[in-house]
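Here the structure is laid out as structure tokens; the discussion comes afterwards.
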Amino acid sequence: MVDYIIVGAGLSGIAVTEELLSMGKTVRVFENNSQSSSTVAGGVFNPVILKRFTLAWQADEQMKIALPFYKALENKLNEKLIHDLPIFRKFSSIEEQNNWFAAMDKTNLVNFLNPKLYNDLNENLPSNFSFGQVMGTGAVNTKLLLEAYREYLRNVNLLDEHDFKYEEVRLLEGKVEFKGTSAGKIIFCDGFGLKDNPFFNYLPMNGNKGEYLVIRSKELKLNVAVKSSVFILPLGDDLYKVGATYNNFDKSSVPSQEAREQLLQKLETMITCKFEVVDQIAGIRPSTNDRKPLVGMHPKHTQLYCCNGFGSRGVLIGPTVAKQLIQFIERGVPLPSDINLKRFEKKHYLGL
Ligand SMILES: Cc1cc2nc3c(=O)[nH]c(=O)nc-3n(C[C@H](O)[C@H](O)[C@H](O)COP(=O)(O)OP(=O)(O)OC[C@H]3O[C@@H](n4cnc5c(N)ncnc54)[C@H](O)[C@@H]3O)c2cc1C
Numbered sequence: 033m034v035d036y037i038i039v040g041a042g043l044s045g046i047a048v049t050e051e052l053l054s055m056g057k058t059v060r061v062f063e064n065n066s067q068s069s070s071t072v073a074g075g076v077f078n079p080v081i082l083k084r085f086t087l088a089w090q091a092d093e094q095m096k097i098a099l100p101f102y103k104a105l106e107n108k109l110n111e112k113l114i115h116d117l118p119i120f121r122k123f124s125s126i127e128e129q130n131n132w133f134a135a136m137d138k139t140n141l142v143n144f145l146n147p148k149l150y151n152d153l154n155e156n157l158p159s160n161f162s163f164g165q166v167m168g169t170g171a172v173n174t175k176l177l178l179e180a181y182r183e184y185l186r187n188v189n190l191l192d193e194h195d196f197k198y199e200e201v202r203l204l205e206g207k208v209e210f211k212g213t214s215a216g217k218i219i220f221c222d223g224f225g226l227k228d229n230p231f232f233n234y235l236p237m238n239g240n241k242g243e244y245l246v247i248r249s250k251e252l253k254l255n256v257a258v259k260s261s262v263f264i265l266p267l268g269d270d271l272y273k274v275g276a277t278y279n280n281f282d283k284s285s286v287p288s289q290e291a292r293e294q295l296l297q298k299l300e301t302m303i304t305c306k307f308e309v310v311d312q313i314a315g316i317r318p319s320t321n322d323r324k325p326l327v328g329m330h331p332k333h334t335q336l337y338c339c340n341g342f343g344s345r346g347v348l349i350g351p352t353v354a355k356q357l358i359q360f361i362e363r364g365v366p367l368p369s370d371i372n373l374k375r376f377e378k379k380h381y382l383g384l
């Protein structure tokens with residue numbers, strides 16, 4: 033008997049598990065490696081939307097919770113997970129440069145947009161205009177985090193590396209049973225796997241495929257991230273992630289030729305030095321209709337909960353909403369209405 037079963041050990045499952053363990057709750061985590069969003073993610077935390085120069089939804093508040101959360105995990109797992117990563121936005125016109133300065137006047141961005149513009153950032157990245165720097169940015173090595181966290185769960189015998197078969201859940205009075213494990217509640221952190229989850233697949237998750245190329249270039253010598261038509265993210269050892277793509281139609285996690293060509297075309301307009309492609313990776317972002325997370329209790333079964341819908345910002349969103357969900361379940365603290373999956377209940381029951 034455990035207090036909670038958690039389905040999925042991606043960014044959501046890790047944040048939920050940590051929150052529960054910190055309250056002394058007992059858990060069993062199921063992971064079947066069917067989704068790869070958290071593994072392939074760039075891991076970037078950046079409070080500014082670089083297209084429009086606006087603050088991402090609640091990003092300043094989320095940073096205050098996310099950074100200590102990942103720092104604590106660094107200590108717990110004895111791994112270096114967070115890296116400072118300055119992000120530079122390449123401007124493509126004078127108008128964009130002006131918009132940058134206009135955005136700086138908004139009080140919520142003043143701490144994040146550097147008033148100094150940079151020319152000649154790197155000789156292999158020619159530009160007719162300047163580069164602007166976002167401050168306070170960085171990256172979490174999500175692949176390492178997932179590997180290290182799952183290893184930790186294995187060592188303390190809390191990880192079950194099998195498919196969680198939804199149809200085998202037995203809903204009993206005030207508890208659930210799944211294959212010999214009895215639990216008070218289940219929290220589904222199954223990412224785009226939610227589509228196969230009969231309890232929550234009424235929720236409007238679209239899913240958006242993202243792909244990166246991993247390139248090697250000895251000449252590029254870039255130690256900051258640059259955003260132009262694509263992101264170039266330095267990984268060290270002359271390796272860089274280039275991407276990502278956004279595709280609403282293809283729902284497989286298999287790398288595609290189409291994305292490869294698209295990314296190569298964009299990269300070739302950005303850098304002038306030689307490079308070779310050494311890998312291509314893909315995953316489905318658990319994106320929602322209204323771009324807000326899907327968090328809360330099942331409309332009928334009070335033993336079932338969902339923590340999902342992080343879209344393209346799981347690194348920052350995860351720790352905050354996991355905390356909010358557990359506070360809701362354990363202490364009855366109401367969930368903010370913009371993340372509460374209740375917002376879709378009416379439509380669901382009216383069959384809309
Ligand atoms: C190319 C790309 C780049 C990205 N870059 C960034 C970035 O730079 N910064 C950022 O913040 N976000 C980024 N994201 C988004 C981020 O990856 C997601 O928001 C986040 O990973 C979602 O985490 P999750 O745990 O909800 O879902 P997932 O990572 O999909 O985790 C769900 C887990 O549940 C498991 N699972 C599913 N069904 C079952 C089942 N039935 N039984 C057992 N296990 C199951 C899956 O195997 C998976 O491990 C990126 C995404 C992509 C695809």
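Per the numbering used here, the sequence shown starts with residue 33, numbered consecutively.
Ideal Cβ placement from N, Cα and C applies to all residues, glycine included.
Sequence-distant residues of the same chain with beta carbon closer than 7 Å to residue i, five excluded per side
| i | result |
| --- | --- |
| residue 146 | 164, 165, 167 |
| residue 203 | 333, 335 |
| residue 377 | 331 |
| residue 57 | 35, 36 |
| residue 292 | 245, 312 |
| residue 384 | Confidence at residue 384 is low in this model, with a pLDDT of 46, below 50, so its placement is unreliable and the value that follows should be read with caution. No residues qualify anywhere along the chain. |
| residue 45 | 38, 61, 221 |
| residue 322 | none |
| residue 190 | 59, 60, 61 |
Limits of the alpha helix (DSSP H) - the one that residue i falls within
| i | result |
| --- | --- |
| residue 176 | 174-187 |
| residue 371 | No alpha helix (DSSP H) contains residue 371, which DSSP labels as neither H nor E. |
| residue 256 | Element bounds for residue 256: n/a, residue is neither H nor E. |
| residue 345 | It is not in any alpha helix (DSSP H) - residue 345 carries neither H nor E in the DSSP assignment. |
| residue 292 | 289-302 |
| residue 45 | 43-54 |
Where the beta strand (DSSP E) containing residue i begins and where it ends
| i | result |
| --- | --- |
| residue 35 | 34-39 |
Per DSSP, the bridge partner or partners of residue i
| i | result |
| --- | --- |
| residue 336 | 218 |
| residue 320 | 237 |
| residue 115 | 171 |
| residue 308 | 248 |
| residue 202 | 209 |
| residue 76 | 171 |
Cβ-heavy atom distance, residue i to ligand 1, below 6 Å
| i | result |
| --- | --- |
| residue 62 | yes |
| residue 137 | no |
| residue 221 | yes |
| residue 88 | no |
| residue 196 | yes |
| residue 173 | no |
| residue 67 | yes |
| residue 201 | no |
| residue 318 | yes |
| residue 43 | yes |
| residue 342 | yes |
| residue 347 | yes |
Neighbourhood of residue i by C-beta distance below 8 Å, restricted to the same chain and skipping five residues each side
| i | result |
| --- | --- |
| residue 126 | 161 |
| residue 356 | 327, 365, 367, 368, 371 |
Supposed contact pair residue j and residue i - C-beta distance, whole angstroms, cut 8 Å
| i | j | result |
| --- | --- | --- |
| residue 390 | residue 85 | The question about residue 390 has no answer, for the chain in this structure spans 33 to 384. |
| residue 67 | residue 220 | That belief does not hold up - the Cβ atoms of residue 67 and residue 220 are roughly 12 Å apart, past 8 Å. |
| residue 340 | residue 278 | The pair is not a contact, with the Cβ atoms about 19 Å apart (cut-off 8 Å). |
| residue 51 | residue 358 | 4 Å |
Close Cβ partners of residue i (< 6 Å) along its chain, the five nearest in sequence each way excluded
| i | result |
| --- | --- |
| residue 255 | 266 |
| residue 298 | 261, 262 |
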